[in-house]
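Engineer: Residue numbers (our numbering): 1 to 312.
Laid out in C-alpha cells, this is it:
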C-alpha cells in the first residue's frame, strides 16, 4: 500500500520522494509540502537537503536512505539535469523499483530518451514537461505529462500541488509525449521572444524617442499581443532602462530549440520562425550588435532566473 496520512483539510496526503533540489526541485518540495503532502528529499548537495528539511521535508542522506524512507509503493520525482544525470540516477534506483512504483522525470529530457527510459524502467515512468520557471513558483507550473494513465491518475494530487491547480496539468498521451509537447513549447517560446525583440528593436531605433516600459505596459493592458512575456519586457525596461543598459547581445539556451527544429525537418513541417529565432541565438554568441537579442537575454532572466550576460 502507498504510505498516506490525512492532513488538516481532510484530504489523503501522498508521500513523495524528490531527487534533485536545485531551484526547480526546491520549488516542487515547497509546493508539495504546502499542499499537505509528505516529502522525502535528497540531493548530492547537503546544503540543499538542509534547506528542504527546514521547509518541512524529511531529509535523506543517500538514494538508499530515500528509498528506505518511502512506502512500499514508491512515488519519486526526479528534478536532475537532463541527460546522463537522469540515467545514472535511474541505474541506482531501478534495482529497488517494481511495477507498482511511479517515477516522474520533471526535467527537460529529450522525448526519445524518455521513451527509452520508460521501456527500460521497471516502474511506471512519467515524462513531465515543466513550464513556468522559478519566477512562476508562487502561482505554480504548467505540467505536460506522458506515460501510463493509471500512474498519472495516481499522482494527480501531487500534480495539483506543483501545477497551478487541476487545470495546470494534463496527460498528453503515451511515453515521451509530455517532453515532446514541452520541446515544441520551448520552440514557440524562442519565436515569441524573437518577435517581441524585433518589435522593440524597431521602436528603439525608429522615428520617436519612446519610453519602452510605457509601450510594454500599454500593450499589456487589453492589446491583442498581451502576455506574460510582454510583462517581462516591461520589467526589463523598468529595471534596465529603455536602452537595456549593459545587457549583452548574447542569448544562452539549452537544446530544446534545436530539437524542435530537428523534429520539424524529420516530419517535413516548416518552422521558419522558430528556425530563425534559433539562428539568432547562435549568431548572438559570435557578435555583439542586436537590441532584439539583448532583450531576449534579459527575458531569460525574467522567466527562468538565468544569469544576465553583461557587456564589459
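Think of the CB as a built atom: it goes at the ideal place given N, C-alpha and C, for glycine as much as any other residue.
Quick check on residue 15: buried or exposed, where buried means 16 or more other Cβ atoms within 10 Å of its Cβ?
Structural biologist: Buried, because 16 or more other Cβ atoms sit within 10 Å of the Cβ of residue 15.
Engineer: At the level of alpha carbons, what is the spacing between residue 43 and residue 49?
Structural biologist: C-alpha separation (whole angstroms): 6 Å.
Engineer: Between residue 273 and the ligand GDP, is the CB less than 8 Å from at least one heavy atom?
Structural biologist: In the structure shown, the ligand GDP is absent, as is every other ligand, since no ligand is present at all.
Engineer: So, with DSSP's three-state summary, where would you put residue 310?
Structural biologist: Strand, per DSSP.
Engineer: Among the candidates 259, 127 and 77, whose CA atom is the shortest distance from the CA of residue 116?
Structural biologist: Closest option to residue 116, Cα to Cα, is 127.
Engineer: Just curious, the alpha helix (DSSP H) that residue 291 is in, first and last residue?
Structural biologist: 291-304 is the extent of the alpha helix (DSSP H) around residue 291.
Engineer: With burial defined as no fewer than 16 other Cβ atoms inside 10 Å of the residue's Cβ, what is the status of residue 159: buried or exposed?
Structural biologist: The residue in question, residue 159, is buried, as its Cβ has 16 or more Cβ neighbours within 10 Å.
Engineer: Could you have a look at residue 208 and say whether DSSP puts it in helix, strand or coil?
Structural biologist: Coil, per DSSP.
Engineer: In three-state DSSP terms, what is residue 110?
Structural biologist: Coil at residue 110, not helix or strand.
Engineer: Taking the alpha-carbon of residue 151 as reference, which of 118, 182, 168 and 167 has the nearest alpha-carbon?
Structural biologist: Comparing Cα positions, the closest option is 118.
Engineer: Could you check the C-alpha separation between residue 266 and residue 184 for me, to the nearest Å?
Structural biologist: Looking at the two C-alpha atoms, the distance is approximately 14 Å.
Engineer: Along the chain, which unbroken stretches of the beta strand (DSSP E) at least 3 residues long are found entirely within the segment 134-166?
Structural biologist: Counting whole runs of 3 or more residues, the segment 134-166 contains the beta strand (DSSP E) stretches 142-146.
Engineer: Helix, strand or coil, according to DSSP, for residue 169 in the structure here?
Structural biologist: Correct three-state label for residue 169: strand.
Engineer: Where do the ends of the alpha helix (DSSP H) carrying residue 27 lie?
Structural biologist: That run of the alpha helix (DSSP H) goes 23-34.
Engineer: Any idea if residue 80 is buried or exposed, counting beta-carbon neighbours within 10 angstroms, 16 or more meaning buried?
Structural biologist: The residue is buried, with at least 16 neighbouring Cβ atoms inside 10 Å.
Engineer: Is DSSP giving residue 124 helix, strand or coil here?
Structural biologist: Strand.
Engineer: Determine the contact status of residue 146 and residue 168, defining contact as a CB-CB distance below 9 Å.
Structural biologist: Their beta carbons are not under 9 Å apart, which means residue 146 does not touch residue 168 by this criterion.
Engineer: Please report the straight-line C-alpha distance between residue 298 and residue 247, rounded to a whole angstrom.
Structural biologist: Going by the C-alpha atoms only, they are around 7 Å apart.
Engineer: Under three-state DSSP, which class holds residue 217?
Structural biologist: If DSSP states are grouped into helix, strand and coil, residue 217 belongs with the helices.
Engineer: What is the residue span of the alpha helix (DSSP H) that residue 105 lies within?
Structural biologist: No alpha helix (DSSP H) contains residue 105, which is instead part of the beta strand (DSSP E) from 102-105.
Engineer: Please confirm if the segment 100-111 is in contact with the segment 242-262, defined as three or more CB-CB distances below 8 Å between the two stretches.
Structural biologist: A contact exists between the segment 100-111 and the segment 242-262.
Engineer: When you compare only the Cα positions, how much space is there between residue 78 and residue 229?
Structural biologist: Between residue 78 and residue 229, the C-alpha separation is close to 28 Å.
Engineer: Tell me the rounded alpha-carbon separation between residue 24 and residue 144.
Structural biologist: If I take the Cα positions, the gap works out to 16 Å.
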